[in-house]
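**Student:** Chain order of the listed sequences is A and B.
With our numbering applied, the first sequence covers 1305 to 1570.
With our numbering applied, the second sequence covers 1188 to 1491.
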Amino acid sequence: MSRNGPLALAFHGLFVTFMLAPIVVVCLVAFTPEGFLSLPTNGFSLRWFRAIADYPEFVHAFWVSLGLGALSSLVAVLVAVPAALALTRYPVPGRGALQALFLSPLMIPHVVLGVAFLRFFTALGLGGTFLALLAAHIVVVFPFAFRLTLAAASGLDPALERAAISLGAGGFTLFRRVTLPLILPGVVSGWALAFIQSFDDLTMTVFLAAPGTETLPVRMFLYIQDNIDPLVTSVSACVIAITMVFLVVLDRLYGLDRVLAGKGSH
Amino acid sequence: MSAAATTTLPATPAATAPERRASRAPLWLILPALLLFTGIVLVPLAMTVLLSFHDWGQYKGIEPVLVLKNWHEIATDPYYAEMFGRTLRIALITTVATALLGAPEAYILNRMSGRWRGIFLLLILGPLLISVVARTLGWALLFGGANGLANKLLMSLGLIASPLPFLFTETGVVIALVHVMMPFMVLSVWAALQRLNPQVEHAAMSLGAGPLTILRRIVLPQVMPGVLSGAIIVFSLSASAFATPAIIGGRRLKVAATLAYDEFLNTLNWPLGAAVAVLLLLGLILIVVGANALVERRYAEVSP
């Protein structure tokens, strides 16, 4: 059914090469047996992956990122699901304004959010703490959890809930046995997308992180600012591998184009 | 019929007790989110706007007074005009390049058979979720001075005679940014293509239109709203990009986001940094809202 001519396919080939080149190069250089940046021309080596263990800052930053991603995405989902359900179920006054507010972290540049959070948390005496990072990340990943739950909840057939109510289900039983299972793919995709956003965020976090609360992207960024060596490529390769797992899960669960539709938009 | 007639509802009968409880439910469900956003988004933003009017000195630090000093400095010092000009230029070129490359690619993807389409969609949209630091590091490796891979490839193909400078140049920043932003454009055009009715193309073909005429007269006008909304997203994200200009552009090639970072974490002149950030935010809101209004007016009849 492919009706693409040879010219179109050549363009497509170059396009895919362009999109994959930097990612493939990072992963290849990570396996170099040399002590300097080079493509592994004479054999693959894991020495730079082993070297990560000797650099505790990266290991610590990884755990900070993991904890931050898990906690912030969990809290975001717990707050976003009730709000999304309320906005799709009831005639809430100012619905449009509320939705715009809850999606606003997508519109506001992350550098502006970083500046604002730094000012705010420093004034509260929480500058550089994990708590400040957590609160900031909850807000920034909230739109991802919110939007996918909203999409799942508004696609729900109201007849199903009405049927459950007519059969005597109410309140929490209705939510737990009928509504939640139906919107679960949306909620789980929203959670996974929120986790990845938190795990990857640099621009906002770089303003808030202090030694001890540096996340992995912040540690990698500061390391690259000083010098680029094979160690940071092996760390990047690990980050890419973790993301790939999430990608495949999201694609299977919900379809990648549906999960990402409107990401960064309004 | 007028819109007012449809929104005027008949008077509702007095609600029974359980209905009243149900009508009060939304507040409790929305309240946590509302508190979170008021406390941690609106208040900090207001504080930042206020901060941009504060005074600052090397030894006295931040003085909580209201002065126009920072705004005056940004308006008069040509350094800021140059820096915002560079930010705007990089964002514009990146936007045009992603549109020119991403729109045809989305069209080609859409014409592929199901299995290939799924694989390539994953390969092209996937990078969106991969850490920007890791992706930009890839470009730094490809560019890396005179013996970077990009230059070696271009020279072996005979396209250039001597190595081009990519690292620490605007060209390099734009190339890496185009890569970072491309998935947004492909996604946006892809979504517009999904709404296309293939029957219209078939009808045009049966009426004797050639493939180029169909592309120009049938497909392009219908996909244009997707290209434009993708362009708005790419522009606003490129104008506020931080990691790519910081790593590829280096310390000298400052854009708005990297300058704000410098003022906050190196110079420690927070009020000036806040003014740069607030100006970036206001400029983007103006441009995005204006562009959205133009797109909606122009394409009101195409995309309901």
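Positions of the beta carbon are idealized from the N, C-alpha and C atoms, including for glycine.
All values derive from a computational prediction rather than experimental measurement.
Residue 1349(A) to residue 1340(A), Cα distance in whole Å?
**Tutor:** Residue 1349(A) and residue 1340(A): Cα-Cα distance of roughly 13 angstroms.
**Student:** Is it buried or exposed for residue 1208(B), if we count other Cβ within 10 angstroms and need 16 for buried?
**Tutor:** The predicted model places residue 1208(B) with a pLDDT of 47, which falls under 50 and marks its position as unreliable, so this point remains unresolved.
**Student:** My assumption, with CB atoms under 8 angstroms, is that residue 1329(A) sits in contact with residue 1336(B). Please give the rounded CB distance.
**Tutor:** With 8 angstroms as the limit, residue 1329(A) and residue 1336(B) qualify as a contact, their Cβ atoms being about 7 angstroms apart.
**Student:** What does residue 1291(B) reach in chain A if we use C-beta pairs closer than 7 angstroms?
**Tutor:** Chain A residues near residue 1291(B): 1315.
**Student:** Count Cβ pairs between the stretch 1378-1390 of chain B and the stretch 1422-1434 of chain B that sit closer than 8 angstroms; are there 3 or more?
**Tutor:** In short, these stretches do not touch, since the Cβ pair count stays below three.
**Student:** Would you kindly work out how many angstroms separate the C-alpha atoms of residue 1500(A) and residue 1441(A), rounded to a whole number?
**Tutor:** So the two alpha carbons sit approximately 11 angstroms from each other.
**Student:** Note down, in chain order, each residue of its chain lying with its Cβ closer than 7 angstroms to the Cβ of residue 1492(A), except the 5 sequence neighbours on either side.
**Tutor:** 1557.
**Student:** What is the rounded straight-line gap between the Cα of residue 1543(A) and the Cα of residue 1330(B)?
**Tutor:** Taking the straight line from one Cα to the other gives about 22 angstroms.
**Student:** List the residues of chain B whose Cβ lies closer than 9 angstroms to the Cβ of residue 1521(A), in chain order.
**Tutor:** Correct list: 1318, 1319, 1320, 1321, 1430.
**Student:** Per DSSP, what kind of secondary structure is residue 1347(B) in: helix, strand or coil?
**Tutor:** Of the three classes helix, strand and coil, the one that applies to residue 1347(B) here is coil, per DSSP.
**Student:** Which chain A residues are close to residue 1253(B), counting only those with a beta carbon under 8 angstroms from its beta carbon?
**Tutor:** Correct list: empty, because the minimum Cβ distance to chain A is about 16 angstroms.
**Student:** Please name the residues in the stretch 1405-1417 of chain A whose beta-carbon is closer than 9 angstroms to at least one beta-carbon of chain E, in chain order.
**Tutor:** Absent here is chain E; the protein component of the structure consists of chains A and B.
**Student:** Does chain B have any CB closer than 8 angstroms to the CB of residue 1507(A)?
**Tutor:** Yes, contact with chain B.
**Student:** Could you spell out the range, first to last residue, of the alpha helix (DSSP H) harbouring residue 1494(A)?
**Tutor:** Segment 1484-1504, the alpha helix (DSSP H) holding residue 1494(A).
**Student:** Taking Cβ positions, are residue 1286(B) and residue 1417(B) nearer each other than 8 angstroms?
**Tutor:** Yes.
**Student:** Return no unless some Cβ of chain A is closer than 8 angstroms to the Cβ of residue 1200(B).
**Tutor:** Any reading at residue 1200(B) must be qualified, since the residue scores a pLDDT of 41, below 50, and its modelled position is unreliable; the value itself is stated next. No, because no Cβ of chain A sits closer than 8 angstroms to the Cβ of residue 1200(B).
**Student:** Is there a Cβ of chain A sitting closer than 8 angstroms to that of residue 1391(B), yes or no?
**Tutor:** So, not an interface residue.
**Student:** Compare the C-alpha of residue 1372(B) against each of 1421(B), 1383(B), 1465(B) and name the closest.
**Tutor:** Nearest of 1421(B), 1383(B), 1465(B) to residue 1372(B), Cα basis: 1421(B).
**Student:** Put residue 1145(B) into one of helix, strand or coil per three-state DSSP.
**Tutor:** Because chain B spans 1188 through 1491 in this model, residue 1145(B) falls outside it and cannot be assessed.
**Student:** Work out the CA separation of residue 1432(A) and residue 1267(B) for me, nearest whole Å.
**Tutor:** Taking the straight line from one Cα to the other gives about 29 angstroms.
**Student:** Starting from residue 1516(A), trace the beta strand (DSSP E) in both directions and tell me its first and last residue.
**Tutor:** Per DSSP, residue 1516(A) belongs to no beta strand (DSSP E) and is neither H nor E.
**Student:** What residues in the stretch 1302-1316 of chain B bring their beta carbon closer than 9 angstroms to a beta carbon of chain A?
**Tutor:** Against chain A - using a Cβ distance shorter than 9 angstroms - the residues of the stretch 1302-1316 of chain B are 1303, 1305, 1307, 1308, 1309, 1310, 1311, 1312, 1313, 1314, 1315, 1316.
**Student:** Report the option in 1411(B), 1274(B), 1446(B), 1290(B) whose CA atom is closest to the CA atom of residue 1470(B).
**Tutor:** The candidate whose alpha carbon is nearest that of residue 1470(B) is 1274(B).
**Student:** Just to confirm before moving on: does the CB-CB distance between residue 1490(A) and residue 1526(A) stay below 8 angstroms?
**Tutor:** Not a contact, by the Cβ cut-off of 8 angstroms.
**Student:** Closer than 7 angstroms, Cβ to Cβ, to anything on chain A: give me those residues from the stretch 1227-1249 of chain B, in chain order.
**Tutor:** Correct list: 1227, 1228, 1230, 1231, 1232, 1234, 1235, 1238.
**Student:** Is any beta-carbon of chain A found at less than 8 angstroms from that of residue 1422(B)?
**Tutor:** No, residue 1422(B) does not count as interfacial toward chain A.
**Student:** Quick check on the burial criterion: 16 or more other C-beta atoms within 10 angstroms. Buried or exposed for residue 1229(B)?
**Tutor:** Residue 1229(B) comes out exposed.
**Student:** Closest to residue 1231(B) by C-alpha separation, out of 1311(A), 1377(A), 1416(A), would be which residue?
**Tutor:** Residue 1231(B) has its Cα closest to that of 1416(A), out of 1311(A), 1377(A), 1416(A).
**Student:** Secondary structure at residue 1208(B), three-state DSSP: helix, strand or coil?
**Tutor:** Note that residue 1208(B) has pLDDT 47, beneath the 50 cutoff, so the model's placement of it is unreliable and the number below is only indicative. It is helical.
**Student:** If contact means a Cβ-Cβ distance below 9 angstroms, which residues of the stretch 1459-1477 of chain B contact chain A?
**Tutor:** Against chain A - using a Cβ distance shorter than 9 angstroms - the residues of the stretch 1459-1477 of chain B are 1460, 1461, 1463, 1464, 1465, 1467, 1468, 1471, 1472, 1475.
**Student:** Select from 1494(A), 1484(A), 1530(A), 1351(A) the residue whose C-alpha is nearest the C-alpha of residue 1538(A).
**Tutor:** The residue with the shortest Cα to Cα distance from residue 1538(A) is 1351(A).
**Student:** In the structure shown, what three-state DSSP assignment does residue 1248(B) receive?
**Tutor:** DSSP places residue 1248(B) in strand when its eight states are reduced to three.
**Student:** Please tell me whether residue 1518(A) and residue 1396(A) are closer than 8 angstroms, where the distance is taken between their beta carbons.
**Tutor:** Contact flag unset, no.
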